[in-house]
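Encoded as C-alpha coordinates, the structure appears first; notes follow it.
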Amino acid sequence: MAQSENIFLKAKHRTFSGLTEDAEHKWTGPFFFIQAADPQLGLMKAWRDGDCDGGGEEWAEEVELTKQAVEAINQLRPRPRFMVLCGDLVHAMPGTPFREGQEKDLKAALKGTDPSIPLVFVSGNHDLGNTPTPSTVEQYCREWGDDYFSFWVGGVLCLVLNSQLFFDASACPELREAQEAWLEAQLSRASSSSSTEPKPKHILIFQHIPLYLKSPDEEDDYFNLQRTVRQKLLDRFKKAGVKAVFSGHYHRNAGGCHGGLDMVVSSAIGCQLGEDTHGVRVVVVTADNVIHRYYSLEQLRARGLDEDLKKLLQA
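Quick note: the sequence shown, position 252, residue 277 per our numbering, numbers continuous.
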(Lines of atoms letter the chains of each structure in order from A and count residues from 1; the text may use other names and numbers.)
(Lines give C-alpha, C1' and ligand atoms only; values in the text may rest on other atoms or scores of the structure.)
Protein backbone atom coordinates (compact mmCIF):
# COMPACT_ATOMS: atom_id res chain seq x y z
CA MET A 1 0.00 0.00 0.00
CA ALA A 2 1.38 3.40 -0.96
CA GLN A 3 2.20 5.80 1.83
CA SER A 4 -0.37 8.34 0.58
CA GLU A 5 -3.11 5.70 0.77
CA ASN A 6 -2.04 4.69 4.25
CA ILE A 7 -2.82 8.20 5.50
CA PHE A 8 -6.50 7.59 4.83
CA LEU A 9 -7.05 3.87 5.32
CA LYS A 10 -5.50 3.38 8.73
CA ALA A 11 -7.67 3.29 11.86
CA LYS A 12 -7.63 6.84 13.22
CA HIS A 13 -7.63 7.66 16.89
CA ARG A 14 -6.07 10.37 19.00
CA THR A 15 -5.37 11.00 22.64
CA PHE A 16 -4.68 14.32 24.31
CA SER A 17 -1.15 14.86 25.55
CA GLY A 18 -0.59 14.23 29.23
CA LEU A 19 -3.60 11.94 29.64
CA THR A 20 -3.82 8.21 29.12
CA GLU A 21 -6.54 6.89 26.88
CA ASP A 22 -8.00 4.81 29.72
CA ALA A 23 -8.30 7.90 31.89
CA GLU A 24 -10.20 9.80 29.19
CA HIS A 25 -12.70 6.95 28.80
CA LYS A 26 -13.98 7.61 32.31
CA TRP A 27 -16.61 10.17 33.26
CA THR A 28 -15.19 12.41 35.97
CA GLY A 29 -17.78 15.18 36.02
CA PRO A 30 -18.94 18.15 33.93
CA PHE A 31 -16.55 19.99 31.64
CA PHE A 32 -16.72 22.43 28.77
CA PHE A 33 -15.06 23.02 25.43
CA ILE A 34 -15.02 25.72 22.76
CA GLN A 35 -16.48 25.17 19.32
CA ALA A 36 -15.44 27.70 16.68
CA ALA A 37 -15.71 27.80 12.90
CA ASP A 38 -14.64 29.58 9.76
CA PRO A 39 -11.74 31.85 10.60
CA GLN A 40 -11.41 31.67 6.77
CA LEU A 41 -8.52 34.07 6.36
CA GLY A 42 -9.11 36.20 3.25
CA LEU A 43 -12.91 36.02 2.94
CA MET A 44 -13.80 39.38 4.53
CA LYS A 45 -12.20 41.52 1.83
CA ALA A 46 -13.19 39.07 -0.92
CA TRP A 47 -16.82 39.29 0.24
CA ARG A 48 -16.76 43.08 0.29
CA ASP A 49 -15.22 43.12 -3.19
CA GLY A 50 -17.76 40.62 -4.54
CA ASP A 51 -14.98 38.28 -5.66
CA CYS A 52 -15.30 35.21 -3.45
CA ASP A 53 -14.14 32.83 -6.18
CA GLY A 54 -10.87 34.73 -6.35
CA GLY A 55 -9.74 37.67 -4.27
CA GLY A 56 -8.65 37.07 -0.72
CA GLU A 57 -5.36 38.90 -1.04
CA GLU A 58 -5.75 40.54 2.38
CA TRP A 59 -6.46 38.77 5.69
CA ALA A 60 -5.18 41.00 8.49
CA GLU A 61 -8.75 41.38 9.83
CA GLU A 62 -9.21 37.63 10.29
CA VAL A 63 -5.79 37.27 11.89
CA GLU A 64 -6.73 39.91 14.45
CA LEU A 65 -10.10 38.26 15.13
CA THR A 66 -8.41 34.89 15.62
CA LYS A 67 -5.98 36.45 18.09
CA GLN A 68 -8.93 38.00 19.94
CA ALA A 69 -10.58 34.58 20.14
CA VAL A 70 -7.38 33.04 21.51
CA GLU A 71 -7.05 35.82 24.08
CA ALA A 72 -10.65 35.44 25.26
CA ILE A 73 -10.36 31.65 25.55
CA ASN A 74 -7.01 31.74 27.34
CA GLN A 75 -8.43 33.80 30.21
CA LEU A 76 -11.37 31.48 30.91
CA ARG A 77 -11.44 29.79 34.33
CA PRO A 78 -11.75 26.90 34.53
CA ARG A 79 -9.97 26.10 31.28
CA PRO A 80 -11.86 24.53 28.37
CA ARG A 81 -10.85 20.93 27.76
CA PHE A 82 -10.19 21.69 24.09
CA MET A 83 -11.07 24.03 21.23
CA VAL A 84 -12.36 22.64 17.93
CA LEU A 85 -12.28 24.67 14.71
CA CYS A 86 -15.03 23.35 12.42
CA GLY A 87 -13.51 23.99 9.03
CA ASP A 88 -12.70 26.65 6.46
CA LEU A 89 -9.51 27.52 8.23
CA VAL A 90 -8.47 29.66 5.26
CA HIS A 91 -10.27 31.06 2.21
CA ALA A 92 -7.79 30.25 -0.56
CA MET A 93 -8.66 26.94 -2.20
CA PRO A 94 -5.93 24.30 -2.64
CA GLY A 95 -3.43 25.24 -5.32
CA THR A 96 -4.45 28.90 -5.50
CA PRO A 97 -2.53 32.08 -4.67
CA PHE A 98 -2.38 33.20 -1.02
CA ARG A 99 -3.02 29.67 0.33
CA GLU A 100 0.43 29.21 1.84
CA GLY A 101 0.49 32.67 3.41
CA GLN A 102 -2.97 32.29 4.91
CA GLU A 103 -2.13 28.93 6.47
CA LYS A 104 1.14 30.27 7.85
CA ASP A 105 -0.53 33.30 9.42
CA LEU A 106 -3.40 31.28 10.91
CA LYS A 107 -0.96 28.90 12.55
CA ALA A 108 0.96 31.87 13.95
CA ALA A 109 -2.25 33.39 15.38
CA LEU A 110 -3.30 30.08 16.96
CA LYS A 111 0.16 29.51 18.42
CA GLY A 112 -0.79 31.84 21.26
CA THR A 113 -3.38 29.35 22.54
CA ASP A 114 -2.52 28.19 26.05
CA PRO A 115 -0.71 24.81 25.78
CA SER A 116 -3.23 23.28 28.22
CA ILE A 117 -6.01 23.74 25.60
CA PRO A 118 -5.60 21.22 22.75
CA LEU A 119 -6.65 22.40 19.29
CA VAL A 120 -8.80 20.11 17.13
CA PHE A 121 -9.01 20.87 13.39
CA VAL A 122 -11.90 19.94 11.10
CA SER A 123 -11.62 20.14 7.31
CA GLY A 124 -13.92 22.44 5.31
CA ASN A 125 -14.67 22.90 1.63
CA HIS A 126 -12.11 25.70 1.29
CA ASP A 127 -9.51 23.52 2.99
CA LEU A 128 -10.05 20.58 0.61
CA GLY A 129 -11.78 22.09 -2.44
CA ASN A 130 -15.50 21.74 -3.21
CA THR A 131 -14.66 18.50 -5.01
CA PRO A 132 -11.74 17.09 -3.03
CA THR A 133 -9.12 14.85 -4.60
CA PRO A 134 -6.64 12.46 -3.00
CA SER A 135 -4.03 15.17 -3.50
CA THR A 136 -5.95 17.97 -1.78
CA VAL A 137 -6.89 15.71 1.13
CA GLU A 138 -3.28 14.60 1.50
CA GLN A 139 -2.17 18.25 1.45
CA TYR A 140 -4.66 19.12 4.20
CA CYS A 141 -3.53 16.17 6.32
CA ARG A 142 0.08 17.24 5.95
CA GLU A 143 -0.69 20.77 7.20
CA TRP A 144 -3.44 20.19 9.81
CA GLY A 145 -3.69 16.48 10.68
CA ASP A 146 -6.08 13.69 9.72
CA ASP A 147 -9.28 14.64 7.91
CA TYR A 148 -11.29 12.27 10.12
CA PHE A 149 -10.49 10.72 13.49
CA SER A 150 -11.87 9.99 16.94
CA PHE A 151 -10.87 10.99 20.44
CA TRP A 152 -12.19 10.50 23.97
CA VAL A 153 -12.37 13.28 26.51
CA GLY A 154 -13.87 12.98 29.99
CA GLY A 155 -15.91 9.89 29.12
CA VAL A 156 -17.26 11.41 25.89
CA LEU A 157 -16.53 9.98 22.44
CA CYS A 158 -15.88 12.66 19.80
CA LEU A 159 -15.86 11.91 16.07
CA VAL A 160 -14.36 14.39 13.61
CA LEU A 161 -15.66 13.86 10.07
CA ASN A 162 -14.72 15.05 6.59
CA SER A 163 -18.12 16.35 5.42
CA GLN A 164 -16.80 17.13 1.95
CA LEU A 165 -16.72 13.38 1.32
CA PHE A 166 -20.49 13.39 1.97
CA PHE A 167 -21.03 16.43 -0.26
CA ASP A 168 -19.04 15.49 -3.37
CA ALA A 169 -16.57 12.59 -3.43
CA SER A 170 -16.76 12.10 -7.20
CA ALA A 171 -13.00 12.62 -7.56
CA CYS A 172 -12.05 10.39 -4.60
CA PRO A 173 -14.69 7.63 -4.10
CA GLU A 174 -12.17 5.37 -2.37
CA LEU A 175 -11.66 7.99 0.35
CA ARG A 176 -15.41 8.26 0.89
CA GLU A 177 -15.65 4.47 1.21
CA ALA A 178 -12.78 4.41 3.72
CA GLN A 179 -14.44 7.05 5.91
CA GLU A 180 -17.80 5.25 5.63
CA ALA A 181 -16.29 1.97 6.83
CA TRP A 182 -14.44 3.70 9.65
CA LEU A 183 -17.52 5.66 10.75
CA GLU A 184 -19.72 2.56 10.75
CA ALA A 185 -17.19 0.74 12.92
CA GLN A 186 -16.98 3.66 15.35
CA LEU A 187 -20.75 4.00 15.71
CA SER A 188 -21.33 0.25 16.00
CA ARG A 189 -18.69 -0.17 18.68
CA ALA A 190 -19.94 2.83 20.67
CA SER A 191 -23.57 1.70 20.64
CA SER A 192 -23.07 -2.05 21.03
CA SER A 193 -24.39 -3.54 24.25
CA SER A 194 -22.00 -6.46 23.89
CA SER A 195 -18.87 -4.36 23.43
CA THR A 196 -16.15 -4.79 26.02
CA GLU A 197 -15.11 -1.16 25.54
CA PRO A 198 -16.40 1.56 27.87
CA LYS A 199 -19.79 3.00 27.00
CA PRO A 200 -19.47 6.73 26.22
CA LYS A 201 -21.45 9.14 28.35
CA HIS A 202 -22.24 11.01 25.11
CA ILE A 203 -21.24 10.79 21.43
CA LEU A 204 -20.49 14.12 19.72
CA ILE A 205 -19.75 14.74 16.06
CA PHE A 206 -17.81 17.62 14.50
CA GLN A 207 -17.98 18.42 10.79
CA HIS A 208 -17.96 21.49 8.55
CA ILE A 209 -21.16 21.29 6.49
CA PRO A 210 -24.38 21.07 8.56
CA LEU A 211 -26.79 18.21 8.02
CA TYR A 212 -29.46 20.92 7.83
CA LEU A 213 -29.90 24.56 8.79
CA LYS A 214 -33.40 24.57 10.29
CA SER A 215 -35.27 21.38 9.44
CA PRO A 216 -34.28 17.86 8.35
CA ASP A 217 -36.70 18.04 5.41
CA GLU A 218 -35.54 21.42 4.05
CA GLU A 219 -34.51 21.78 0.41
CA ASP A 220 -30.95 21.12 -0.71
CA ASP A 221 -28.73 24.19 -0.51
CA TYR A 222 -25.08 25.19 -0.76
CA PHE A 223 -25.02 25.39 3.04
CA ASN A 224 -26.44 21.94 3.89
CA LEU A 225 -25.95 18.32 2.89
CA GLN A 226 -28.20 16.81 0.23
CA ARG A 227 -31.43 15.33 1.60
CA THR A 228 -30.64 11.74 0.61
CA VAL A 229 -27.24 11.91 2.30
CA ARG A 230 -28.64 13.89 5.23
CA GLN A 231 -31.39 11.43 6.03
CA LYS A 232 -29.08 8.42 6.00
CA LEU A 233 -26.67 10.17 8.36
CA LEU A 234 -29.47 11.31 10.66
CA ASP A 235 -30.79 7.74 10.87
CA ARG A 236 -27.35 6.32 11.60
CA PHE A 237 -26.52 8.97 14.19
CA LYS A 238 -29.84 8.59 16.01
CA LYS A 239 -29.56 4.81 16.03
CA ALA A 240 -26.08 5.05 17.57
CA GLY A 241 -27.25 7.54 20.21
CA VAL A 242 -25.30 10.55 18.99
CA LYS A 243 -26.17 13.54 21.17
CA ALA A 244 -25.15 16.45 18.95
CA VAL A 245 -23.57 17.37 15.62
CA PHE A 246 -21.54 20.61 15.60
CA SER A 247 -20.80 22.43 12.35
CA GLY A 248 -19.97 25.78 10.75
CA HIS A 249 -20.00 26.73 7.03
CA TYR A 250 -23.13 28.94 7.21
CA HIS A 251 -21.42 32.00 8.76
CA ARG A 252 -24.60 32.47 10.81
CA ASN A 253 -26.06 30.71 13.84
CA ALA A 254 -28.73 28.14 13.02
CA GLY A 255 -29.74 24.55 13.72
CA GLY A 256 -32.43 22.60 15.51
CA CYS A 257 -33.20 19.47 17.52
CA HIS A 258 -35.14 16.56 16.03
CA GLY A 259 -35.55 13.09 17.45
CA GLY A 260 -33.21 13.87 20.33
CA LEU A 261 -30.31 14.78 18.04
CA ASP A 262 -29.10 18.38 18.28
CA MET A 263 -27.84 19.98 15.03
CA VAL A 264 -25.69 22.96 16.04
CA VAL A 265 -24.65 25.47 13.36
CA SER A 266 -22.23 28.10 14.67
CA SER A 267 -21.36 31.41 13.09
CA ALA A 268 -17.83 32.40 12.22
CA ILE A 269 -14.80 33.81 13.92
CA GLY A 270 -14.25 35.56 10.60
CA CYS A 271 -16.66 36.90 7.97
CA GLN A 272 -20.32 37.24 9.00
CA LEU A 273 -22.98 36.70 6.33
CA GLY A 274 -25.92 37.51 8.61
CA GLU A 275 -26.65 39.54 11.73
CA ASP A 276 -24.45 37.58 14.14
CA THR A 277 -21.18 38.85 15.55
CA HIS A 278 -17.69 37.36 15.36
CA GLY A 279 -17.68 34.70 18.07
CA VAL A 280 -17.35 31.16 19.35
CA ARG A 281 -19.63 28.68 21.08
CA VAL A 282 -19.19 27.48 24.66
CA VAL A 283 -20.34 23.87 25.12
CA VAL A 284 -20.93 22.52 28.62
CA VAL A 285 -21.14 18.74 28.96
CA THR A 286 -22.95 17.30 31.98
CA ALA A 287 -23.88 13.72 32.78
CA ASP A 288 -27.30 14.16 31.17
CA ASN A 289 -27.05 17.07 28.76
CA VAL A 290 -24.94 19.04 26.31
CA ILE A 291 -25.68 22.76 26.75
CA HIS A 292 -24.27 25.28 24.30
CA ARG A 293 -24.27 29.07 23.99
CA TYR A 294 -22.82 31.38 21.37
CA TYR A 295 -20.71 34.29 22.65
CA SER A 296 -19.37 37.25 20.73
CA LEU A 297 -15.62 37.60 21.14
CA GLU A 298 -16.21 40.85 22.98
CA GLN A 299 -18.69 39.25 25.40
CA LEU A 300 -16.43 36.32 26.17
CA ARG A 301 -13.38 38.49 26.69
CA ALA A 302 -15.22 41.01 28.89
CA ARG A 303 -17.15 38.75 31.21
CA GLY A 304 -16.19 35.11 30.64
CA LEU A 305 -18.73 32.36 31.18
CA ASP A 306 -22.23 33.18 32.42
CA GLU A 307 -22.93 32.23 36.02
CA ASP A 308 -25.51 29.57 35.14
CA LEU A 309 -22.93 27.74 33.03
CA LYS A 310 -20.37 27.98 35.82
CA LYS A 311 -22.88 26.39 38.20
CA LEU A 312 -23.36 23.48 35.82
CA LEU A 313 -19.62 22.88 35.88
CA GLN A 314 -19.62 22.75 39.67
CA ALA A 315 -22.33 20.08 39.89
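Using N, Cα and C, we set each Cβ at its ideal position, and we do this for glycine too. Remember, it's a predicted structure, so these values are computed and weren't measured experimentally.
Skipping 5 residues on each side, what residues in its chain have a beta carbon closer than 7 Å to that of residue i?
i	result
residue 261	212
residue 105	57, 58, 59, 98, 142
residue 215	182, 225, 228, 265
residue 72	296
residue 277	292, 298, 299, 301
Count the other C-beta atoms from every protein chain shown that fall within 10 angstroms of the C-beta of residue i, then say buried if there are 16 or more, exposed otherwise.
i	result
residue 49	buried
residue 247	exposed
residue 161	buried
residue 64	buried
residue 312	exposed
residue 78	exposed
residue 55	buried
residue 195	exposed
residue 130	buried
residue 189	buried
residue 35	Since pLDDT at residue 35 reaches only 36, below the 50 mark, its modelled position is unreliable, and the value read off the structure follows with that caveat. The residue is exposed, with fewer than 16 neighbouring Cβ atoms inside 10 Å.
residue 51	exposed
residue 204	buried
residue 323	exposed
At the level of alpha carbons, what is the spacing between residue i and residue j?
i	j	result
residue 325	residue 199	42 Å
residue 206	residue 136	34 Å
residue 91	residue 110	11 Å
residue 96	residue 148	23 Å
residue 102	residue 327	13 Å
residue 70	residue 154	20 Å
residue 259	residue 236	8 Å
residue 273	residue 75	21 Å
residue 285	residue 126	42 Å
residue 61	residue 294	7 Å
residue 157	residue 197	7 Å
residue 118	residue 150	8 Å
residue 217	residue 209	12 Å
residue 231	residue 47	22 Å
residue 306	residue 319	4 Å
residue 174	residue 100	29 Å
residue 53	residue 107	16 Å
residue 67	residue 164	19 Å
residue 89	residue 124	18 Å
residue 303	residue 84	15 Å
residue 244	residue 233	18 Å
residue 241	residue 309	25 Å
residue 317	residue 221	31 Å
residue 202	residue 340	42 Å
residue 112	residue 152	7 Å
residue 94	residue 185	22 Å
residue 179	residue 269	16 Å
What residues are listed by DSSP as bridge partners for residue i?
i	result
residue 177	182
residue 283	286
residue 147	111
residue 58	308
residue 318	307
residue 142	Its beta-bridge partners do not exist; DSSP assigns none.
residue 294	None; residue 294 has no bridge partner.
residue 229	183, 269
Skipping 5 residues on each side, what residues in its chain have a beta carbon closer than 6 Å to that of residue i?
i	result
residue 191	250, 254
residue 169	146
residue 334	309
Quick check on residue i: does DSSP put it in helix, strand or coil?
i	result
residue 123	coil
residue 248	coil
residue 199	helix
residue 269	strand
residue 66	strand
residue 237	coil
residue 306	strand
residue 330	coil
residue 101	coil
residue 84	coil
residue 161	helix
residue 341	The requested residue 341 is not part of the displayed model; the chain covers only 26 to 340.
residue 213	helix
residue 5	The question about residue 5 has no answer, for the chain in this structure spans 26 to 340.
residue 339	coil
residue 243	coil
residue 194	coil
Going along the chain, which residues of its own chain have a beta-carbon closer than 8 Å to the beta-carbon of residue i, five neighbours each way excluded?
i	result
residue 282	288
Sorry if obvious, but does the Cβ on residue i come closer than 6 Å to a heavy atom of the ligand SAM?
i	result
residue 137	Here there are no bound small molecules, and the ligand SAM is not part of this structure.
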